[in-house]
Amino acid sequence: GAGVSQSPRYKVAKRGQDVALRCDPISGHVSLFWYQQALGQGPEFLTYFQNEAQLDKSGLPSDRFFAERPEGSVSTLKIQRTQQEDSAVYLCASSTTATNEKLFFGSGTQLSVL
Amino acid sequence: KNQVEQSPQSLIILEGKNCTLQCNYTVSPFSNLRWYKQDTGRGPVSLTIMTFSENTKSNGRYTATLDADTKQSSLHITASQLSDSASYICVFAGGSWGKLQFGAGTQVVVTP
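One line per chain: the protein sequences are C and R, in this order.
Per the numbering used here: the first sequence = residues 1 to 114.
Per the numbering used here: the second sequence = residues 1001 to 1112.
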């Protein structure tokens, strides 16, 4: 498909485990965002890439969270030593422009930490 | 404190009826205001996008308004359909690269 693809769709982790969430943006999209969405809430910004450069990581809640986009396309969000409060849906979005008016979201990865 | 407050938190409407969702904000400045629709288990999809200088924007049966004086936006859904059942989120974009600030959403359920 031509949309933003995220995998896995669901992830269950034991507390303390490391997880890696993948995002395949729409081909050619310059901008890529990661958001965290708690149940019943709107998405909260985590980090922003323009090509391979991470321009803003101010939303990452702790140093256990790390994101990369080494070749300016696929991105991975890694969470180390997962905690129960990390349970949420992690959304990835991409845009063809740097001003991001047209933002396309993936369906998210639902992370449950037990 | 969240700078984007949406009301009601949820509502149930009969198929074919109209409804209006509210968004009060204190975000300032911002470059544009967006309304997104989020189906259960899916990512948000853009419905409308308005600049600060616009006061209304339509997309089919969806009409968004913006009142900069009262710092309110609304989304009006006309002749609701079952497929309109979703969460509707008010979003502000600001900063040099359009950083988004989301409201918590209004959950709409359309019943037959």
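Glycine included, every Cβ here is placed at the ideal spot set by N, Cα and C.
Can you pull the chain R residues whose beta carbon is under 9 Å from the beta carbon of C:F65, in chain order?
-> Neighbours of C:F65 on chain R: none; closest Cβ ~18 Å, over 9 Å.
Go ahead and label C:L91 buried or exposed: buried means 16 or more other beta carbons lie within 10 angstroms of its beta carbon, across all protein chains shown.
-> It counts as buried.
Under 8 Å between C-beta atoms, does C:G106 make it to chain R?
-> With its beta carbon less than 8 Å from one in chain R, C:G106 belongs to the interface.
C-beta neighbour in chain R for C:F49, strict 8 Å = Judged by the 8 Å Cβ criterion, C:F49 is not in contact with chain R.
Given C:F66 as reference, the closest of C:Y10, C:S94, C:G72 and C:K57 once Cα atoms are compared | Residue C:K57 is the option with its Cα nearest to C:F66.
Between the stretch 1035-1051 of chain R and the stretch 101-108 of chain C, are three or more C-beta pairs nearer than 8 Å?
-> Enough Cβ pairs lie closer than 8 Å, so yes.
Test: R:P1044 CB closer than 8 Å to a CB of chain C = Among the residues facing chain C, R:P1044 is included, as its CB has a counterpart in that chain under 8 Å away.
Run through the stretch 61-94 of chain C for me and flag every whole beta strand (DSSP E) of 3 or more residues, listed as ranges in chain order.
-> Fully enclosed beta strand (DSSP E) runs of 3 or longer: 65-68 and 75-79.
Count the other C-beta atoms from every protein chain shown that fall within 10 angstroms of the C-beta of R:Q1006, then say buried if there are 16 or more, exposed otherwise.
-> Answer is buried; the Cβ neighbour count reaches 16.
Between which two residues does the beta strand (DSSP E) harbouring R:V1108 extend?
-> Where R:V1108 is concerned, the enclosing beta strand (DSSP E) stretches over T1106 to T1111.
Can you pull the chain R residues whose beta carbon is under 9 Å from the beta carbon of C:L91, in chain order?
-> From the beta-carbon of C:L91, the residues of chain R found nearer than 9 Å are G1043 and P1044.
How is C:L21 classed by DSSP in three states: helix, strand or coil?
-> Assigned with DSSP and collapsed to three states, C:L21 falls in strand.
May I ask which residues mark the beginning and end of the beta strand (DSSP E) holding R:L1075?
-> Q1072 to I1077 is the extent of the beta strand (DSSP E) around R:L1075.
Could you pull the start and end residues of the beta strand (DSSP E) that R:I1049 belongs to?
-> In the DSSP annotation of this structure, the continuous segment of the beta strand (DSSP E) that includes R:I1049 starts and ends at V1045 to T1051.
In angstroms with no decimal places, state the Cα-to-Cα distance between C:D24 and C:K78.
-> Spanning the two alpha carbons is a distance of roughly 15 Å.
Assumed close pair R:A1086, R:R1061 - CB separation to whole angstroms, cut-off 8 Å = Between the beta-carbon of R:A1086 and that of R:R1061 there is about 13 Å, and that puts the pair past the 8 Å contact cut.
Is C:P12 buried or exposed, if buried means 16 or more other CB atoms sit within 10 Å of its CB?
-> The residue asked about is misnamed: residue 12 of chain C is Val in this sequence, not Pro. Under a 10 Å Cβ-count criterion, C:V12 is classified as exposed, with fewer than 16 other Cβ atoms of the shown protein chains found around its own Cβ.
Determine which residues share a DSSP beta bridge with C:K11 and list them.
-> C:K11 is bridged to C:L111.
Short CB-CB distance (under 8 Å) between C:P8 and chain R = No, its Cβ sits nowhere closer than 8 Å to a Cβ of chain R.
Mind checking whether R:E1015 and R:Q1081 have CB atoms under 8 Å apart?
-> In contact: R:E1015 and R:Q1081 (Cβ atoms closer than 8 Å).
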